[in-house]
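Residue numbers (my numbering): 139 to 322.
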């Protein structure tokens, strides 16, 4: 059962269905798509007079949120929104970002099998550098672009592993200082 295109052409122009000899030819009666009438979108541009912000970190990102100052004698200082901490033990290296109230937001450790299996040793300079890469990626995925990174003990900062960790975090796109708070 073969359709001949020569025999269907006059029927397509007529816009109807007819059976002819060996086959059927279908044709549409409409020549194009009809569009609905234009919708008035001006009512979508009206802003509600009462606006409720549901993002709890919005003031932080605008640098308007309060930073807890604590007492002058408090050490280490608590004046931050997010603090990056790096802890090195005899066997492992751990890094985590905590909020000013002590909640851990993001963490990474060389104890994790996904990180540990790519390392020759779970401690040392290369472990800190790779942990910095992983931590930077996790911070950006969590929406944390700025962290306060100060070594708990000031002379630890001169260590090669901590310097490589800092460099890897900065190369990953995380800024290691928080913006100054805007006072209004």
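Note that the Cβ used here is the ideal one computed from N, Cα and C, for glycine as well.
Because the structure is a prediction, the values reported are computed rather than measured.
key: Sequence-distant residues of its chain with Cβ nearer than 6 Å to residue 128 (five each side left out)   = What is shown of the chain runs 139 to 322, which leaves residue 128 out entirely.
query = In its own chain, which residues sit with a C-beta less than 6 Å from the C-beta of residue 320, not counting the 5 before and 5 after it?
reply = The residues are 201 and 202.
Cβ-based burial, residue 210 [other Cβ within 10 Å; buried from 16] = Around the CB of residue 210, fewer than 16 other CB atoms lie within 10 Å, so the residue is classed as exposed.
request  = With DSSP collapsed to three states, give me the class of residue 319.
outcome  = DSSP places residue 319 in coil when its eight states are reduced to three.
key: For residue 284, three-class secondary structure by DSSP   = Strand.
inquiry  = When you compare the CB positions of residue 287 and residue 304, do they come within less than 8 Å of one another, or not?
reply    = Yes.
key: DSSP three-state assignment for residue 269, whether helix, strand or coil   = In the structure shown, residue 269 sits in a helix (DSSP, three-state: H, G or I).
request  = Would you mind reading off the limits of the alpha helix (DSSP H) that contains residue 197?
outcome  = Per DSSP, residue 197 is one residue of the alpha helix (DSSP H) stretching across 196-199.
Assigned exposure category for residue 291 - 16 Cβ within 10 Å defines buried = Residue 291 should be labelled exposed.
Which listed residue (296, 270, 208 and 218) has its alpha carbon closest to that of residue 241 = Closest by alpha carbon: 218.
inquiry  = I'd like the span of the beta strand (DSSP E) that includes residue 225, first residue to last.
reply    = Secondary structure note for residue 225: its beta strand (DSSP E) is the uninterrupted segment 220-226.
ask   = Exposed or buried, which one is residue 270 when buried takes at least 16 other CB atoms within 10 Å?
value = Residue 270 is buried by the Cβ-count criterion.
message = With DSSP as the reference, identify every bridge partner of residue 234, one or two as the case may be.
response = According to DSSP, which records beta bridges pairwise, residue 234 is partnered with 223 and 245.
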